[in-house]
Amino acid sequence: MIDEQDLYDLAHQPLGAGGQCRSVGDVFARGQSLRRRRRAMRDVGLVGVVGGLVAAGTLVLSDDRPEVRTGDDGSHPGPTEPTRPAGLEGLPTDMMSCVGTSAADLSVEEVADLALEPTWLPPGMAMYPLGGKQIDRGCLWAEPVLVLRSLAADGSVTGVIRVDAPFWDPTNVASSDWADVATTEVRGTRATPYSGPEDKTWVAAGFTWYAPPNVRWSVEGDGVDEPTMRAFTEALLLDPQPAAGSPVASIDPALVPAGFEIVSQSIGYPVVSGPTVRVWNVVSDDGSCRVRLGDSPRSFVVPSGGDPGDKLVVIRGHDGTAGEDSYGKTILQWEESPEVTAAVMCQVGLDDALQIAESLQPVAPVPPAGGD
Numbered sequence: 095m096i097d098e099q100d101l102y103d104l105a106h107q108p109l110g111a112g113g114q115c116r117s118v119g120d121v122f123a124r125g126q127s128l129r130r131r132r133r134a135m136r137d138v139g140l141v142g143v144v145g146g147l148v149a150a151g152t153l154v155l156s157d158d159r160p161e162v163r164t165g166d167d168g169s170h171p172g173p174t175e176p177t178r179p180a181g182l183e184g185l186p187t188d189m190m191s192c193v194g195t196s197a198a199d200l201s202v203e204e205v206a207d208l209a210l211e212p213t214w215l216p217p218g219m220a221m222y223p224l225g226g227k228q229i230d231r232g233c234l235w236a237e238p239v240l241v242l243r244s245l246a247a248d249g250s251v252t253g254v255i256r257v258d259a260p261f262w263d264p265t266n267v268a269s270s271d272w273a274d275v276a277t278t279e280v281r282g283t284r285a286t287p288y289s290g291p292e293d294k295t296w297v298a299a300g301f302t303w304y305a306p307p308n309v310r311w312s313v314e315g316d317g318v319d320e321p322t323m324r325a326f327t328e329a330l331l332l333d334p335q336p337a338a339g340s341p342v343a344s345i346d347p348a349l350v351p352a353g354f355e356i357v358s359q360s361i362g363y364p365v366v367s368g369p370t371v372r373v374w375n376v377v378s379d380d381g382s383c384r385v386r387l388g389d390s391p392r393s394f395v396v397p398s399g400g401d402p403g404d405k406l407v408v409i410r411g412h413d414g415t416a417g418e419d420s421y422g423k424t425i426l427q428w429e430e431s432p433e434v435t436a437a438v439m440c441q442v443g444l445d446d447a448l449q450i451a452e453s454l455q456p457v458a459p460v461p462p463a464g465g466d
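Below you can see the structure in the form of structure tokens.
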């Protein structure tokens, strides 16, 4: 998913050589990069952008998209919904192309569980509440079903592998044979590769594929090379609708990549969140610092497990990660509670960022308007 600002950035990329529109492959690769940028929300799917380009006649997809039915009156009611295999009736439906994003303002009272603000700031910095928002992004989200991580001797993250929760995707976007989108083969079927964030300073690899048809799987590795990710992906034991007490994804311990250990594993299908999320933001006057809290894991700035180079830290008594983005901002993220995620993103050093986080206190309620 892509943050609104990321989506704007994607739509305003410069034209290619000679003023020509950028290729589907370039757009797709850029979207993949933005998907894992350190943004606090990832609200709109890339394919929504691609779909807009298709509608404008900029892109042309191949003929292997679902057949469109034509009625006796010449109407086009839309693609035929594929039939779900037995046992997958309960798998949540989510299409890579979100229907859109809308936001509504919320009062402090409506985000009372999120509304915290810092009571300490570095000299010369001022911050003010931007307020609460409810964002409807049209898509569902679930925590990864399997996360592995490797650490250096100093406790910093060197690699993270994530197996995303599977979804039923009736559009099967990956089946569109885009001539300039690279594909490969994993687990006996065609897959699109993952190459990591555009601004990454580490190797990255992974795959998205559909098996059985219309069941979407994604595996991503940051700080992990392609041969390692390919071997890991082939070794996975996957069940999109596991029996009670069984995992969605597992792997023989003997086949876990060297140096990695499992840090989280979903037993049964994970809790699905969306399509709405509530967020609370406090920002500095110059935009160099932001505090964000949300009622969904989607509110995290970086994916589960952190990014290579992040350090594991304790924030407000909770396990968290500390890292730095490509602009030099310190990024802290943690779970304030099982229902609330939090992040501090500031152009300050780690010690000051931690002090800002530790100083967070509930926002004072707005007094009622005066009356008789």
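My numbering puts the sequence shown at residues 95 to 466. Glycine included, each C-beta is placed from N, C-alpha and C at the ideal position. From a predicted model like this one, the values you see are computed outputs, not experimental measurements.
- Between leucine 208 and valine 434, the C-beta gap is smaller than 9 Å, which places the two residues in contact.
- Rounded to the nearest whole angstrom, the C-alpha separation of glycine 403 and valine 251 is 5 Å.
- In this structure, the beta-carbon distance from arginine 310 to valine 280 does not fall below 9 Å.
- Within the stretch 195–226, the runs of beta strand (DSSP E) at least 3 residues long that lie entirely inside it are, in chain order, 196–200, 210–212.
- With respect to the 9 Å criterion, methionine 219 and valine 376 are not classified as neighbours on the basis of their beta carbons.
- At the C-beta level, aspartate 199 and lysine 405 stay beyond 9 Å of one another.
- The three-state secondary structure of isoleucine 229, taken from DSSP, is strand.
- Remark: C-beta atoms of proline 264 and proline 369 do not approach each other more closely than 9 Å.
- Taking a contact as a CB-CB distance under 8 Å, the pair proline 459 and glutamate 183 does not count as one, their CB atoms being some 46 Å apart.
- Its chain contains no residue whose beta carbon lies nearer than 8 Å to that of aspartate 445 once the 5 sequence neighbours on both sides are disregarded.
- If you draw a 10 Å sphere on the C-beta of isoleucine 450, you find 16 or more other C-beta atoms in it, and that means buried.
- Valine 239 is not a Cβ neighbour of tryptophan 374, given a cutoff of 9 Å.
- Here the alpha carbon of glutamine 228 sits roughly 20 Å from the alpha carbon of aspartate 188.
- If you check the CB distance, arginine 410 and glutamate 452 come in under 9 Å.
- DSSP, read as helix, strand or coil, puts proline 321 in helix.
- For alanine 352, the closest C-alpha among the options Leu242, Leu224, Tyr304, Gly181 is that of Leu242.
- Boundaries cannot be given for leucine 185, as no alpha helix (DSSP H) includes it and DSSP labels it neither H nor E.
- Short of 6 Å from the beta carbon of alanine 436, and not among the five residues preceding or following it, lie these beta carbons of its own chain, in chain order: Leu387, Trp428, Glu430.
- Residue Glu314 holds the alpha-carbon nearest to the alpha-carbon of arginine 256 among Thr302, Glu314, Asp380.
- In the three-state scheme derived from DSSP, where H, G and I count as helix and E and B as strand, proline 347 is classed as helix.
- By DSSP's assignment, lysine 405 forms a beta bridge with Ser250, Ala416.
- Here glutamine 441 carries a coil assignment [DSSP, helix/strand/coil].
- Using a C-beta cut-off of 8 Å, the stretch 355–368 makes no contact with the stretch 281–288, since fewer than three inter-stretch Cβ pairs fall below that distance.
- By DSSP's assignment, arginine 243 forms a beta bridge with Val254, Glu355.
- Counting only residues of its own chain and dropping the five nearest sequence neighbours on each side, valine 438 has a CB closer than 7 Å to the CB of Val385, Leu426, Ala447, Ile450, Ala451.
- The shortest C-alpha to C-alpha distance from proline 432 to any of Gln455, Asp389, Ser358 is the one to Asp389.
- Glutamine 427 has Thr415, Ala437 as its beta-bridge partners, per DSSP.
- Under the DSSP assignment, asparagine 375 falls in the beta strand (DSSP E) whose first and last residues are 370–378.
- Taken atom to atom, the span from the alpha-carbon of glutamine 335 to that of valine 342 is near 7 Å.
- Taking C-beta separations shorter than 6 Å and ignoring five residues to either side along the sequence, the partners of alanine 329 in its chain run Ile345, Leu349, following chain order.
- Taking C-alpha positions only, alanine 416 is separated from serine 382 by approximately 17 Å.
- Between valine 357 and glycine 422 the beta-carbon gap is near 27 Å, outside 8 Å, which marks them as no contact.
- Shown here, leucine 332 sits in a strand according to DSSP, grouped into three states.
- By the CB criterion at 9 Å, aspartate 316 and glycine 414 fall outside the cutoff.
- Each of Thr424, Cys233, Pro321 was checked against the Cα of valine 371, and the nearest Cα belongs to Cys233.
- The alpha carbon of alanine 298 has as its nearest neighbour, out of Ala276, Pro306, Thr322, the alpha carbon of Thr322.
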